[in-house]
Each structure stands twice: as structure tokens, then as C-alpha cells.
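For reference, the structure discussed in these notes is given below.
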Amino acid sequence: MMSFLRQYPKRFFWVAFFIGLAVSLVLDVLWLRSDILHYHFPFQYVPQFFAIFGLLGCMLLILIAKGMGYFISKDEDYYEKDSRRQV
Amino acid sequence: MTEWIHPGVVIFLGAFLIPWIKWRTVRLAYLLLLPLIGLTLLLLMSSGYFGQIPAWPGALHKWQIPFLDYSLELGRIDKMTMVFAYIYLIAAFCMNLYALGVKNKWEHVAAMIYLGSSLGAIFAGDLFTLFFWLEIMSWAPVFLIWFRGTRKAMGAAIRYVLWHHFSGACILAGVVIHLYHTGSIELTRLPWGWGGEYLGYNLMLLGFIINSATTPFHSWLSDTYSEATPSGSIYMTAFTTKTAIYCLIRTFPGVELLMWLGAIQAVFALFLAVLENDGRRLCSYHIISQIGYMVAGVGIGTEMAINGAISHALCHIIYNALLYMGAGCVLVVVGTAKFHELGGLYKYMPISFWLYMVGGFSISGFPLFNGFISKVMTIEAAELIHNAPIYLLLEGATVGTFLHTGLKLPWNMWLQGRDEPPPNIRAKLKDSALNTPVHMLIGMSILAFLCIFMGVYPKILYDHLPYPVEFIPFTTTRVFSIMQMFIFTFLGFWFLRKLVAGYPTYTLDTDWPFRMAGRKLIWFCEEPLMGFARFMDRKVMEVVDLIVWISKNPAAAFEIKKKEMLLAGHQRRLAKSGSIDLCRQSLEEEKRKYPGELPGLTLGASIILILFSFLLYLALYLFAIP
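Given below as C-alpha cells:
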């Protein structure tokens, strides 16, 4: 195991990641049925709510911000370039 | 029981000794000793050496100084003060370790004055004392920015001072109005509402909001922290904003406005962070986002929310210093923290990468790291008041935080999927895996240890919070939901990782209107206003010249002027008769000869003139001046 980790760190990471992903999806279904999870809002009981929230939240955040960037991303010397006084 | 010693004053005064110590080793040892002296004093306080600290909200009152009709109180010691002071000093010790390599000893002086004054603000028991220390706090960091020495840093420091003096003026105005109406200067919970009778409190709130970098007044933070010196910026991340949060907790707990501002800010800052290219600016936006949790906690105002705000402020000091140190390491070693110039550093700086990642996991709120135990408290408080929008905003901010500090920054700085950094960066690195100075790594390691220790054993923090904590962070529901969320956040990041790469851009922020207005004001002063001034100047000088010219020989001068006027008046007639050139020539001749021979005055006429002028003075004296 350790030698595998040392030899193929990237592959190990991806294997572990997808196992974790699958386990989380399965556990969500099982635990919601067996009443192990206790939430405060009804929408949190939607199956796979946190998976959807994480994925969509992350992607929307990036995409909306990129859209904002169209208006607010400027050159690095935006505030410096038209100041006439050189110090 | 002996008389109390103020740790803030000790450090504040001790800072002035630093430049007088000639030997570098002794000076650095002294620098490390200062926070340790403070910690010793705190331990003595905790053990009851200066008197037992009563249960919250009771407090020990020390160093009460009569001033005019009031009594200033430099030492109000209760549970909240103590826990803040402990974390300040522990963090300061690690920061001093990190900053040992700094050549400029005045930077150490500024940092220690800053630490001393923020401790002073924490221990202040009345509004005047608080204001006094806050003003020192607004000056000390300016030097930490200036010592960077770049032109951008110069401007950033000036903007920092402008913001903080504005907020200081707001706080002072609020204090004076409050004093006028109530006659009390005690630092305690203040009423709040909309309307004229709350003007003073609104001003004070505005001052604290600016100091704590709450939206929409957050832009000074990302603007200035990213321009400060690598080690100076680390002190700045800890003290100013957290002291402002402390003030908010003292004065305005449960103000609903704060709850909304905080929750919105927690998410808003993340949008700006997506576009950020500078590692330290990205971390700055994360400070702003995390402050959102604290401000929201203060705004919710329940016992759990206040506990959450305090514990998050304290955990935040530790992990955020760690994050800034990680980004600062890269800046110190390779001279840039811009994403588009970096990548592939892992092979050369693995230790600082992993220490940074501890901070990254902490700020994201991974279970077993200290961000988790404090962040979920505020989120739980939002759940308990059944406010779904606040809950969703705060939970969404968790996603974004992990996306940036846990994924985007380390990916772009250390990895970017390549094994070697770009050639110009590679040239600045040694061949070993230890490019970062060791004292920096030691400072980071202590903080990383604290991140994990507090995350694994939250009781150590919870026991010192003012309100009793019956909160267990590690429940199945919470651990499971947050882990699932992070796994899918990573998936989203991996899909869109090209989009979050660094591009050499500058992101405009809410300070755009202020900076543009300032620019227009300077333009207005330089162009129209100065143009008018120059015009007036010229005209006045012309009149003066004329008077001087006339006074040389008034009789001849009036003669010349009379002829000039006549010439102008009869121009057409003279032109018809053909004698105009002749007239002009004779006028020119007269002007050339001017002032010519001065007409002599007899003695009697002179005396009469002098007497006449005396008479004028007398009349002026008697009638004109009342």
C-alpha cells in the first residue's frame, strides 16, 4: 500500500477520491432511510442535497465570477497607468 | 495579590527598546521574548495572582485612572478578554519567529507597537481608552506597508490611513454623541436602530464595520494586505479586523443588519477571489469571507452565535496567519506570488506546501481541523434560528472557501500539473527541497500544530469561551454532509480548473467609486482650480505692477495714461487726418523717457503732504476701526 502510494501518488489519489465519492452517495441514501441524519431544514433531506450543493455551488461560483470578470477584470496597472506623476 | 501589569503596555513600551539593542542575536531573542512576557502575565492573571476573574459577564477592573470628570479603565479583565489576549500572544510569538529574517529592525518595532496597541484595545474598559488604542492601531501597520518600499505600497498605505482615520473619526463622533446623551463612557452593549436618536450608535457601528472590513467597506483589506511586506502582512491579518470584531461583540451583539451583511459578504468576497491572480490578494478575500461568518454570528446574537463568532475569530487568526505565511514563503523565496508566473514549486518547497495545506483544510472547515469546530457553531446558530437564506449563504461560502484556499491557490502556486517551475522561477531556487528559511517553517509548524490540536481537541477552546458550550461539533450528520460537499466541490473544480488559472489581471472592487472620485478631485484641484488661481495671481500682479509704475512719477504717468485714452478715443479721426503715426511716436517717446525727471517738491509742500497722510491715518483710526 505505502509503496504503491509512493510510486503512483496521482493514481492513488484518484482511486481514493472516487471510492470516497461512491461511498458518500451510497451512505446518503442508506442513512436518510434509516433516520441517522438529523437536519434542521426540509430541503436538506432532499437525496444527495449536499452533493448537488457542492458541485453546483462550486461551478456556479466560478462561472458567475467569470461573467463578472467581463466587467471588472482590468489590466494589472489599471490604477497606475493614467496617473501622470511619476515618483 | 499585587498590582496588575498591563501586557499590552509592556509590549508597547518594550517595542521602543528594539532599535537600541546593538547585537542582532540579542535583538532577535528579545523580539521572541516580548510575547512570552505577555503570555507569562496572562498565565499569572489566569491563576488568580492579580485577583480572581469572576464568571462571565463579571470582570476584574484594574488601572482605573481619573481623567477630567471620568474614570478611564485600562484593564477590564473577563473571560472574553483573556481568550482573545491568549490567542493574540501565541499567534504573535509564531509571527515573530517567522519574521526573524527581516533585516529592517524598524519593521519589528512597528509590529510590536501594533501588537501592544491591539492588546490595549482588548483590555480597554471604556470607550475613550478603546479609541486611543484603536488610533495607534491605525498607524502602526502603515509602516509595515511602507517598508515594502514599492510605489504601490506607498499608495496603499495612504489609502489604509485614510480609511482608518475615517472610521476612527466615526467612532469618536459616536462616542461623543453617546457621552452627551448618557454621560457614560463605559464600553458595554449599546442600543441600535434606525432614526435620528440613534445617529451616534450608527456612526460607531459604521466605524467598527469599516475596521472589520465588512461589505461594502472591505476593499481596503485586499488592497493593503497584499502590498505589505511578506512578514508585516501576517501581523496585519490578525489584529485589526479581529479587534473590530471584538468591539462589535462588546457593543452591538444581535443587530440584525450585521447578520445579513456578514452572510452576504461571506459569499461576495468569494466571487472576487475567483478572478484573483495574486496569492496574497486571494487570501485577503478569504479573510473578508471568513469575517463574514463572525459578523453574521454577532448579528445572530444568540449565546451560541456569539461563542461561534469568538471562536471563529480566534481560530481564524491562527489558520489565516498560516495561509499568509505559506503565500509569503513563496513571495520571499521566488519574489512573486502571482499565479500566472508560478506552478510546479512542490518539488522545491514541499514542507511549506503541506503546512499551507493544513491552513487550507482548516479555513475550509475539514473535520479535525480548527476551522471546523468554530465554523459549524455559527452555521448551527443560523440553523437554530431557522433562517434558511443565512444558512445557505454561510454553507455556500464553505464550498467557495475550499475551492479557493484548498484547491485553487495550492494548485496554481505549487502544482499546476507540472513537475518543474517556469525557468525564470527555477533560476531563483536552490536544488534542495528546503528553499524556505527554517525559522519560517518553525513558525508555521507551531501554528499548524495548533490548527490540528484545536481541531482534534476543541474543549481547550470551548472551555475558555464566555458562554457555556454544550455543543458537540463531531456529529455524523455534520461530518458526513461537509465531507460529501467537499468531494463534489473538488469534482466541480477539476472540471473547471482551466477557468480558475491565474491571468494577469486586476479585479475592481467596491473602492472603485472612491478611488475614481478621489482621482477626479485631484484633477479638479490641479486643473480648473489651479488654473483659476494662476489667472487670479496674474491679474493681481498686473495691478501691483501698474501701481508700482505709477508711483514712480504719478504726474507723468497720468499724463501718459490720458494721452493713451485720447488716442484710443480719437483713433478714427486721427487716422483720417493722417497724424496718428506721429501721435503714437510721441507717446512711445514719452513712455521710453518715463519716469524722466521727477518734479521737485518744496519743503513746505512735502510737510503738508506728510501731515495730510497722518490725518488720513487718524481718521482711519477713529472711524473706520470700531
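Keeping their order, the protein sequence lines are chains S and C.
This note's numbering puts the first residue of the first sequence at 131, with every later residue one more than the last.
This note's numbering puts the first residue of the second sequence at 767, with every later residue one more than the last.
Heads up, the beta-carbon is just placed ideally off N, CA and C, and yes, glycines get one too.
Computed from a predicted structure; not experimentally measured.
(Q) Cutting at 6 Å between CB atoms, please list the residues of its own chain near N1190/C, excluding the five before and the five after it. (A) none
Q) Within 10 angstroms of its Cβ, does D1197/C collect 16 or more other Cβ (buried), or is it exposed? A) exposed
Q.
Counting only Cβ pairs nearer than 9 Å, list the residues of chain C close to L157/S.
A. F1246, Q1250
**Q.** Inside the region 1337 to 1370 of chain C only - alpha helix (DSSP H) runs reaching at least 4 residues
**A.** 1337 to 1343, 1346 to 1359
Q. Can you give the Cα-Cα distance for E858/C and T1006/C, rounded to whole angstroms?
A. In the sequence under discussion, the amino acid at residue 858/C is Ala, which differs from the Glu named in the question. When rounded, the distance between both Cα atoms is 13 Å.
Q: Enumerate in chain order the residues of its own chain whose CB-to-CB distance from I1376/C is below 8 Å, with the five nearest sequence positions on each side excluded.
A: none
Q: Would you mind working out which of T1241/C, P823/C, Y1223/C sits nearest P1232/C, comparing C-alpha positions?
A: P823/C
Q. What are the boundary residues of the beta strand (DSSP E) that F833/C is part of?
A. 826 to 833
Q) How would you write the range of the alpha helix (DSSP H) that Y138/S sits in, first residue to last? A) Premise fails: Y138/S is in no alpha helix (DSSP H) and is neither H nor E.
Q: Flag L185/S as yes if its beta-carbon sits less than 8 Å from any beta-carbon of chain C, otherwise no.
A: yes
Q) Does the region 862 to 880 of chain C come within contact of the region 902 to 913 of chain C, defined as at least 3 CB pairs closer than 8 Å? A) yes
Q) Given A1322/C, which residues of its chain have a CB within under 8 Å of its CB, disregarding the five upstream and five downstream residues? A) E1356, Y1360, P1361, G1362
Q. What is the DSSP secondary structure of E206/S, counted as helix, strand or coil?
A. coil
Q | Residues near G978/C by beta carbon distance below 7 Å, same chain, minus five either side | A | According to the sequence shown, residue 978/C is Ser rather than Gly. Within the same chain, S978/C has close Cβ partners T1007, A1010, I1011, L1014, I1057, V1061.
Q) Thinking just about the alpha-carbon of each residue, which of R917/C, T791/C, K1329/C, G949/C is nearest to the one in D207/S? A) R917/C
Q: Could you please tell me which residues of the region 1147 to 1170 of chain C, in chain order, have their CB closer than 8 Å to any CB of chain S?
A: E1149, L1150, H1152, A1154, Y1157, E1161, G1162, V1165, G1166, L1169
Q. Within 8 Å (strictly less), CB to CB, does V217/S reach chain C?
A. Unreliable positioning characterises V217/S in this predicted model, as indicated by a pLDDT of 40, which lies under 50. The coordinate reading is nonetheless provided below. True, the Cβ-Cβ gap to chain C drops below 8 Å.
Q: Count the other CB atoms, across all protein chains shown, that sit within 10 Å of the CB of I1391/C; report buried if there are 16 or more and exposed otherwise.
A: exposed
Q. Can you find a CB in chain S that lies within less than 8 Å of the CB of V1135/C?
A. It is Phe, not Val, that sits at residue 1135/C in the sequence shown. It does not: the Cβ of F1135/C has no partner Cβ on chain S nearer than 8 Å.
**Q.** Of the residues L1097/C, Y1059/C, H1106/C, H1152/C, the one placed nearest S1130/C, counting alpha carbons only
**A.** Y1059/C
Q) Can you name, in chain order, every residue of its own chain whose Cβ lies under 7 Å from the Cβ of R925/C, other than the five neighbours on each side? A) W986, D989, T990
Q. Fully enclosed by the region 913 to 959 of chain C, which alpha helix (DSSP H) runs are 4 residues long or longer?
A. 917 to 948
Q. Does the beta-carbon distance from T981/C to F897/C come in below 8 Å?
A. no
Q: Verify the CB distance criterion: does G1258/C have a CB-CB separation below 8 Å to chain S?
A: yes
Q | Nearest neighbour of S812/C, chosen from I784/C, I777/C, M848/C [CA to CA] | A | M848/C
Q. Relative to chain C, which residues along the region 189 to 210 of chain S have a C-beta separation below 7 Å, given in chain order?
A. M189, L191, I192, I194, A195, K196, M198, G199, I202, S203, K204, D205, E206, Y208, Y209
Q | Beta-carbon proximity of Q1250/C to D165/S, cut-off 8 Å | A | no
**Q.** C-beta atoms of T1243/C and G184/S nearer than 8 Å
**A.** no
Q.
Taking its Cβ as the centre, do 16 or more other Cβ atoms sit within 10 Å of L1295/C, making it buried, or is it exposed?
A. exposed
Q. With C1095/C and S1118/C assumed to form a contact (beta carbons below 8 Å), what rounded beta-carbon distance in angstroms separates them?
A. 4 Å
(Q) By alpha-carbon positions, which one of L810/C, F1018/C, Y1387/C, F1237/C ends up nearest to G959/C? (A) F1018/C
Q. Would the region 1165 to 1172 of chain C and the region 184 to 193 of chain S be scored as touching if the rule is three or more Cβ pairs under 8 Å?
A. yes
Q: Determine whether the Cβ of T1068/C lies closer than 8 Å to any Cβ atom of chain S.
A: no
Q) How would you write the range of the alpha helix (DSSP H) that G1045/C sits in, first residue to last? A) 1045 to 1066
Q) For L953/C, which option in I937/C, G962/C, I1072/C, G961/C has the closest C-alpha, if you only look at C-alpha atoms? A) I937/C
Q: Let me know the alpha helix (DSSP H) ranges lying completely inside the region 1135 to 1222 of chain C, each 4 residues or longer, listed in chain order.
A: 1136 to 1150, 1154 to 1167, 1189 to 1192, 1204 to 1222
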